[in-house]
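Reading through the structure tokens given below for one structure.
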Amino acid sequence: MAAAADSPHHLLHLLLLIFSALPLLAPASRSQMTPPPPPPPPMINRYVLAVHKDSATGLHVANVLKRTPTKPIFHLVDLDGGMVWEHCDEQRYVSSTFYAPPFDDYLCSPAGKARFSRTCSGPATPATPGRPGCHNNSCGLLAVNPVTKRRAVAELSIDMFSILTTRGSNPGRPIRFCKFYFACAPSSLLRPGLPAGVHGVAGLGRTPISLQSQLASHCGFPPMFASCLTSVSSNDNRGVIFFGDGPYNMLPGVDVSSGLLYTPLTFRRRGKYFVGVRSIRINWKPVPLNTSLLGHVLAGNGRTRISTTTPYTILEHSIFVAVTRSFTSELSQTPQAEPIPPFPACYERARFPGTRVGPRVPIIEFVMQDEDTIWPIFGVNSMVEVRPETLCLAFIDGGSRPKDPIVIGAHQLEDNLLQFDVARSRLGFSSSLLLRRTSCANFNFTSIAPQGE
Ligand SMILES: *[C@@H]1O[C@H](CO)[C@@H](O)[C@H](O)[C@H]1NC(C)=O
Ligand SMILES: *[C@@H]1O[C@H](CO)[C@@H](O)[C@H](O)[C@H]1NC(C)=O
Ligand SMILES: *[C@@H]1O[C@H](CO)[C@@H](O)[C@H](O)[C@H]1NC(C)=O
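Set out below in structure tokens:
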């Protein structure tokens, strides 16, 4: 194009040539005209799951449709979880499609290191032999409560699973998978720790029997999913998890899969998700940190874990102290309120003007692999209203020898779109969708499936 612009005469000649040739070409091309190719088949191999925020715990809960006849069952969303588990003790577990695969099932072995052949003689547990969760020669696994970290023996099981299809916006009809693997765990594993009303855990880790792996392999798309957790806990506000690639459309017609920044994603410790935070800045000033704690980010060896079952981001003690100190010194002119444990830095809300992305407080930035890949955290994600009108810096001290120096928790993930591109080992992140005048509660869940079928 540059050449054509430089020499308009060449362009003119070219056009004249084309136009003079047209009458010759036209009859031939018409006689060979073939019908236009059929439109590409509609893409339906993407799925969408509604997720609400539990007000008591701040954790996020998915409405999973299972069994025959289909029943909605609330599952805690656990990004790190290696499996989907549910408690099957209840005598009302009614499903015509349930069965327990034998110990030699092809997915028993990859499902867990801790697998074993199980004998269930009952009635030591509320389950009785032959009921869901209690079979001989079945595949035993260890299920984990991600909040308390308690473990219990669970039984690999299969039942029907349904999920809504989507082409990016309003969901269409649900699709059913008959051979969905999950584990039947004892109900004692649920409480304490999990929100009331929750009957299981939906693990999204990089393991063969996690929810995202099973959907991707059933449907033949590369493993990829995106989480968009809502910040508001109310019945009318539902966040969303998409399985498959974008578009992910939020009202008013914003495709939030566009304009993402990408950072390398690594998987460690049974399929948990890690990214590399290289340094932290507050109001564009670097926070003095011992960066060797953060791992070799450039070697793709970042040590920052992402977790949906951690309510607030946890920082290793020295990082926590440095971040808190830098943040409060940026606000040295603003009087602090009484600390509200576990949060040491609190302020009255009235001290800060409101913005689209929450109270105007110093911006915390996670610098990823380079200076162009920055995850900014604005007031709406960095502060939490612990008491009415009192805001605290929403980070937690993780002590001096935590497994992971930084664990990015749910409060910092809310109203941010995160695309876990497992196949290409990269994470796409949007920063706050509020900047784009939308939010994670803006997916339109009104079904557009034809009625009466
Ligand atoms: C499993 O085996 C035990 C003893 O080996 C037996 O008592 C029990 O009834 C069996 N359970 C089922 C479901 O067959
Ligand atoms: C920085 O962290 C590394 C890894 O934990 C540790 O070995 C080193 O002593 C620390 N350096 C300083 C100056 O604290
Ligand atoms: C949601 O989608 C339905 C069906 O297309 C439409 O009628 C409705 O207006 C949409 N809601 C909003 C808030 O745009």
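Using mature numbering (1 follows the signal peptide of the UniProt record, and there is no 0), the letters of the sequence shown map in sequence onto residues -28 to -1, 1 to 425.
Here a beta-carbon is modelled for each residue, glycine too, at the ideal position from N, C-alpha and C.
Does the beta-carbon of I135, which I'm using as the reference point, lie nearer than 7 Å to any heavy atom of ligand 3? no
Lining residues of ligand 2 - beta-carbon closer than 6 Å to any non-hydrogen atom, in sequence order: N262, S264 and L265
Excluding sequence positions up to five away, which residues of its chain have a Cβ less than 8 Å from the Cβ of L37? K43, P44, I45, F133, S134, I135 and P146
Classify G54 as helix, strand or coil using the three-state DSSP reduction. coil
Tell me whether H171 sits in a helix, a strand or coil according to DSSP, three-state version. coil
Residues bridged to Q391 by DSSP? A198 and G400
Quick one, are the C-beta atoms of G30 and P283 less than 8 Å apart? yes
Compute the minimum distance between the beta carbon of N109 and the heavy atoms of ligand 3, and state whether it is under 7 Å. no
Please state whether the Cβ-Cβ distance between H32 and A382 is less than 8 Å. yes
Check the C-beta distance from F392 over to A198 and give it rounded, since I have them as a contact under 8 Å. 7 Å
Cα-Cα separation between E310 and V204, rounded to whole angstroms: 26 Å
Buried or exposed: where does N353 fall if 16 or more other Cβ atoms within 10 Å of its Cβ makes it buried? buried
Which runs of the beta strand (DSSP E), 3 residues or longer, sit entirely within the stretch 341 to 368? 346 to 349, 355 to 359 and 362 to 365
Compute the distance between the beta-carbons of R275 and F299, then report whether it is under 8 Å. no
What residues sit near ligand 3, counting only those whose C-beta is closer than 7 Å to one of its heavy atoms, in chain order? N142, L223, N416, T418 and I420
Taking the straight line between their C-alpha atoms, what separation do you get for L389 and R163? 30 Å
Rounded straight-line distance, which links the Cα of E302 to that of L161: 44 Å
Any contact of the stretch 354 to 364 with the stretch 263 to 272, i.e. 3+ C-beta pairs under 8 Å? no
What ranges does the beta strand (DSSP E) occupy inside the stretch 102 to 178, keeping only unbroken runs of at least 3 residues that lie completely in it? 110 to 116, 123 to 138, 143 to 157 and 172 to 175
List the endpoints of the continuous beta strand (DSSP E) containing S230. Premise fails: S230 is in no beta strand (DSSP E) and is neither H nor E.
Distance check for A413 and P260, CA to CA, integer angstroms please. 36 Å
Closest residue to V119 among P224, P374 and T281 (Cα-Cα distance): T281
If you measure between the beta carbons of residue 426 and T238, is that distance less than 8 Å? Given a span of -28 to 425 for the chain in the structure shown, any question on residue 426 remains unanswerable.
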